[in-house]
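Asks: Here it is, the structure, as structure tokens.
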Amino acid sequence: MSVEILAPGGSVDGIYAAMLHGADAIYTGTQRFSARAFADNPSVEQLCDILDFAHVRDKKIYLTVNTLLTDEELEAHLYDLLLPLYDNGLDAVIVQDIGVMQFIHEAFPALDIHASTQMTIVTADGANQWKPYGVTRVVPARELSIGEIAQMRKHTDLEMEVFVHGALCYCYSGQCMMSQSIGGRSGNRGRCAQPCRLPYTVDGQKKYFLSLKDICTLELIPELVEAGIDSFKIEGRMKKPEYVAAVTAMYRKYVDLYLDNICK
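Structural data, given as structure tokens:
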């Protein structure tokens, strides 16, 4: 039995920090079409070098193409963005937009596609319908319980990747229009201003009503493993490399301890 530790790569330094502290795979964006547009995302050229570094060490790189694209962007820019990375062995792309999914599957049929949590997949049937589009892995909606994920696992052979640590969006699976409505910066275009983190006054009380606590599932590792989850995903592409290194190392340590114990 094995479980992938999937770490965030919001910068070149963050990517290398994660790999050197136990990550099996890294998810990262380039300077376009990433849900973290304000991260210090690597260039395509830097990511090609990172792919070489990762593959020599038996690690994987997943590219986030997880925003909604316009027709012009899809037709004029996406292919040219992906081609050099595909040629350098990109392991998978993480996608929200169904049109993007179909385009990538037709243009790069050998490239694995991972269905983003922003697709709000909550059932096995909802996951299985994307198999003809090249989807090999789903990231279920973050609102599902461990029991619901385990039930879903029983009825799909797709890989399952689940967020286990970090910040959560107030809106369902991150599909929020609040930032767009208030300030013209859409989270679905990677430009969320995080208005949910601000204090609001309700009935005379000023509190952080919409700001959710971060999650930490270190104590739930046995339940998560037994639920059949293939990949433990750590949130944090806007965090510093030191944070990514420390959190990745903790999940690597305790997942390995549990797996070593049950395999004795």
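End of the sequence shown sits at 701 in my numbering; the numbers just go up one at a time, nothing left out. Think of the CB as a built atom: it goes at the ideal place given N, C-alpha and C, for glycine as much as any other residue.
1) Please name the residue in 597, 586 and 631 whose C-alpha comes closest to that of residue 612.
2) For residue 461, is the classification buried or exposed, using 16 other Cβ atoms within 10 angstroms of its Cβ as the cut-off for buried?
3) Go ahead and label residue 540 buried or exposed: buried means 16 or more other beta carbons lie within 10 angstroms of its beta carbon, across all protein chains shown.
4) Counting only the same chain and skipping the five closest in sequence on each side, list residues whose C-beta sits under 6 Å from that of residue 551.
5) Quick one: give me the first and last residue of the beta strand (DSSP E) that residue 612 is part of.
6) So residue 492 is in the alpha helix (DSSP H); what residue range does that whole segment cover?
7) Is the distance from the Cβ of residue 521 to the Cβ of residue 481 below 8 Å?
8) Determine the closest residue to residue 590 out of 621, 607, 668 and 500, with distance taken between C-alpha atoms.
9) Mind checking if residue 632 is an interface residue toward chain C, Cβ cutoff 8 Å exclusive?
10) Going by DSSP, which residues form a beta bridge with residue 551?
11) Name, in chain order, the residues that DSSP records as bridge partners for residue 596.
12) Residue 642 lies in the beta strand (DSSP E); which residues open and close that run?
13) Looking at residue 670: is its Cβ nearer than 8 Å to the Cβ of residue 443?
14) How about the stretch 686–694 and the stretch 654–668: do they share at least three Cβ pairs that are nearer than 8 Å?
15) Please report the distance separating the alpha-carbon of residue 544 from that of residue 617.
16) Tell me, to the nearest whole angstrom, how far the beta carbon of residue 569 is from that of residue 597; I am working on the premise that it is less than 8 Å.
17) Does the Cβ-Cβ distance between residue 555 and residue 503 come in under 8 Å?
18) From what residue to what residue does the beta strand (DSSP E) around residue 446 run?
19) Any idea if residue 600 is buried or exposed, counting beta-carbon neighbours within 10 angstroms, 16 or more meaning buried?
20) Which residue wins for smallest C-alpha separation from residue 548, given the options 593, 498, 563 and 581?
21) Which one of 523, 620, 511 and 514 has the shortest CA to CA distance from residue 489?
22) In or out: residue 456 buried (at least 16 other Cβ within 10 Å) or exposed?
23) Who are residue 668's beta bridge partners in DSSP?
24) Look at residue 698 and residue 505 and say whether their C-beta atoms are less than 8 Å apart.
25) Any idea which residues DSSP pairs residue 639 with across the strands?
26) Between the Cα of residue 664 and the Cα atoms of 691, 615, 586 and 525, which residue gives the shortest distance?
27) The beta strand (DSSP E) spanning residue 498 covers which residue range?
Replies: For this structure:
1) The option with the nearest alpha carbon to residue 612 is 631.
2) Residue 461 counts as buried, since no fewer than 16 other beta carbons sit within 10 angstroms of its beta carbon.
3) Counting Cβ neighbours within 10 Å, residue 540 comes out buried, since at least 16 surround it.
4) Within the same chain, residue 551 has close Cβ partners 529, 531 and 574.
5) For residue 612, no beta strand (DSSP E) run applies, since DSSP gives it neither H nor E.
6) Per DSSP, residue 492 belongs to the alpha helix (DSSP H) from 481–493.
7) Taking the C-beta atoms as reference points, residue 481 is found nearer than 8 Å to residue 521.
8) Minimum Cα-Cα distance from residue 590 among the listed residues 621, 607, 668 and 500 corresponds to 668.
9) You won't find chain C in this structure, because it holds only one protein chain.
10) DSSP lists 531 and 574 as the beta-bridge partner residues of residue 551.
11) In DSSP, residue 596 forms a bridge with 574.
12) Counting along the chain, the beta strand (DSSP E) containing residue 642 begins and ends at 642–644.
13) Taking 8 Å as the Cβ cut-off, residue 670 and residue 443 qualify as a contacting pair.
14) They touch, by the three-pair rule.
15) Using only the alpha carbons, I get a separation of about 31 Å.
16) For residue 569 against residue 597, the beta-carbon gap comes to about 19 Å, at or over 8 Å, which does not count as contact.
17) Contact flag set, yes.
18) Residues 441–446.
19) The residue in question, residue 600, is buried, as its Cβ has 16 or more Cβ neighbours within 10 Å.
20) Taking residue 548 as reference, the option from 593, 498, 563 and 581 with the minimal CA-CA separation is 498.
21) The closest CA to that of residue 489, considering only 523, 620, 511 and 514, is found on 523.
22) Here residue 456 is buried. Its C-beta has 16 or more other C-beta atoms within 10 Å.
23) Beta-bridge pairing links residue 668 to 441 and 598.
24) Not in contact: residue 698 and residue 505 (Cβ atoms no closer than 8 Å).
25) Beta-bridge pairing links residue 639 to 642.
26) For residue 664, the nearest C-alpha among the options comes from 586.
27) 497–502 is the span of the beta strand (DSSP E), which, as asked, contains residue 498.
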